[in-house]
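Residue numbers (the working numbering): 61 to 571.
Ideal placement from N, C-alpha and C gives every residue a C-beta, glycine not left out.
This report concerns only the one structure given below.
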């Protein structure tokens, strides 16, 4: 009898990954393809939806063929995707815009105005999504105010997963999980939130139909079924957003267990049985199922900061590196390891792309503080890693005020591939940090939802038996004491520099 498998497809910000798992949770095959983010002007961050869709097909095609050649039986395909994207279609379902990603900050003015209003606060309390340029609601308001002709021709407002799903099946649906990150969806009654729609100036019929994350479709368009070499009636499961699925895929399901993900961006998340909001509007509250909510805070500045530093300050090494003509990140980590904890007094505020949690300020800037003559490039890399981690620690402290204290940390994303960075995380947080066998936790979470939707597991909690912790990092007490001293100074920097950042942002936006 052929071994049964399921594929999790993670449609991310910079790449799509297709990952095949056995029903015992073992990773069998994976394949990823990258695509660019287009930034034609300051504040713009877009993707080509057709390019993303083509990559989804490409990654699926490769994995399906690997499974076929290895003699496996495929039981289903389930999806994860990044949140907060916006695509506008006309009445013929033709593209009027690219996919406007979470990193796009054009709606900064609209978001700030709404956030300061009683109406904006009420919307946050009902939707669980902080009012910020990342979310779909301010993006639509910006389009209505700044692109009125385009807005007048808009028939639908959807996200990237909805676009992929419509291309595959011809239906416009959105899972509760992705919908709960738009600022347009009421997380209590699981319907589009009319006060949000009124602010946006749109109608419910211009949005996709909300469905549970277990929603299935067996009717793949014949041309795509032939291209992917799939048998008829393979079930596709809509799945959820990547943040919720990262917690599920890491088995961070218990009270006090948090997931820290650092990929391009980053997030701190905890699972809860009901939604919760914060009077300071610092945390989100997203749905996985009506009995599973993921609370936390997302940051703009994760691995993208490390990528910027590498590409900007390691160009002299590029000529000697033959892998994709890029310096491997291991070189940066090796240099950072030569510098003691605390980077000899050099601090880094990592707001290279503005910031979401915990400050929710699109105009914030990055900066190094404490530079002295003895600091080397290695010090700057070390400070950069520490600054990103301190920022995640700030988000966690805010989250603890709402959800209770943290007892254990599960790390995933690109962060988990660096022993130095994971140990640094354990030292800053003074908690055990666990790595699981599969660091592609969002794709694995999608697979778990697929197994649940297909009746292969009875409840999501049964997935615990599929997750294996491969390594646990324990904190270094002396390093933690050093980091606490540095963090206290780090925590004072943004309030002290906020007005300066605002002035600099105004200068950048001058014509």
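For residue i, the residue or residues it bridges with in DSSP
| i | result |
| --- | --- |
| residue 351 | Answer is none; residue 351 lacks a bridge partner. |
| residue 415 | 421 |
| residue 532 | 494 |
| residue 456 | Answer is none; residue 456 lacks a bridge partner. |
| residue 313 | DSSP output for residue 313 lists no bridge partner at all. |
| residue 137 | 67, 296 |
| residue 322 | 326 |
| residue 155 | 149 |
| residue 428 | 408 |
| residue 79 | 68, 90 |
| residue 345 | 355 |
| residue 471 | 320 |
| residue 332 | 353 |
| residue 160 | 106, 146 |
Per-residue DSSP class, three states only, for residue i
| i | result |
| --- | --- |
| residue 216 | strand |
| residue 252 | strand |
| residue 74 | coil |
| residue 301 | strand |
| residue 339 | coil |
| residue 466 | coil |
| residue 382 | The predicted model places residue 382 with a pLDDT of 49, which falls under 50 and marks its position as unreliable; any figure quoted below should be read in that light. If DSSP states are grouped into helix, strand and coil, residue 382 belongs with coil. |
| residue 109 | helix |
| residue 96 | coil |
| residue 410 | strand |
| residue 87 | strand |
| residue 405 | helix |
| residue 232 | coil |
| residue 499 | coil |
| residue 508 | helix |
| residue 132 | coil |
| residue 549 | helix |
| residue 527 | coil |
| residue 570 | coil |
| residue 201 | helix |
| residue 554 | helix |
| residue 376 | helix |
| residue 441 | helix |
| residue 166 | coil |
| residue 517 | coil |
| residue 397 | coil |
Nearest to residue i (by Cα), restricted to the options the options
| i | options | result |
| --- | --- | --- |
| residue 97 | 275, 105, 141 | 105 |
| residue 102 | 165, 95, 134, 132 | 165 |
| residue 483 | 78, 538, 254, 497 | 538 |
| residue 303 | 74, 176, 151, 238 | 238 |
| residue 447 | 363, 525, 467, 420 | 363 |
| residue 254 | 475, 534, 186 | 186 |
| residue 125 | 89, 260, 108 | 89 |
| residue 148 | 112, 212, 240, 95 | 212 |
| residue 474 | 64, 280, 62, 72 | 72 |
| residue 515 | 295, 466, 471 | 295 |
| residue 426 | 444, 436, 433, 438 | 444 |
| residue 395 | 374, 350, 139 | 374 |
| residue 268 | 548, 322, 233 | 233 |
| residue 162 | 177, 179, 151, 143 | 143 |
| residue 392 | 402, 155, 308, 365 | 365 |
| residue 565 | 423, 559, 251, 300 | 423 |
| residue 195 | 344, 121, 111 | 344 |
| residue 346 | 560, 528, 248 | 248 |
| residue 281 | 275, 272, 293 | 293 |
| residue 470 | 497, 450, 457, 458 | 497 |
| residue 338 | 130, 189, 472, 495 | 189 |
Contact test: residue i Cβ vs the ligand MG heavy atom, cutoff 7 Å
| i | result |
| --- | --- |
| residue 471 | No copy of the ligand MG occurs in the structure displayed, which carries no ligand at all. |
CB contact check: residue i to chain C, cutoff 8 Å
| i | result |
| --- | --- |
| residue 365 | The chain labelled as chain C is not found in the depicted structure, where only one protein chain is given. |
Inter-stretch contact at 8 Å, needing at least 3 Cβ pairs: the segment 61–79 / the segment 500–516: Contact holds: three or more Cβ-Cβ distances are below 8 Å.
Stretch-stretch touch, CB-based, cutoff 8 Å, three pairs: the segment 490–504 with the segment 124–136: no
Any 3 or more C-beta pairs closer than 8 Å across the segment 462–480 and the segment 410–418: Cβ pair count under 8 Å is below three, so no.
Touch test, the segment 402–411 against the segment 489–499, Cβ-Cβ under 8 Å, three pairs minimum: no
Segment contact flag, the segment 358–378 with the segment 326–342, C-beta cutoff 8 Å, min 3 pairs: They touch, by the three-pair rule.
Length-filtered (3 minimum) beta strand (DSSP E) runs lying within the segment 235–294: 269–271
Stretch pair the segment 471–482 + the segment 519–527: three plus CB contacts closer than 8 Å: The answer is no - the segment 519–527 does not touch the segment 471–482, with fewer than three Cβ pairs under 8 Å.
Inter-stretch contact at 8 Å, needing at least 3 Cβ pairs: the segment 291–308 / the segment 334–354: yes
Segment contact flag, the segment 541–548 with the segment 171–181, C-beta cutoff 8 Å, min 3 pairs: no
contact_flag[the segment 204–223, the segment 175–184] where n(CB pairs < 8 Å) is 3 or more: Taking 8 Å as the limit for Cβ pairs, the verdict is that the segment 175–184 does not touch the segment 204–223.
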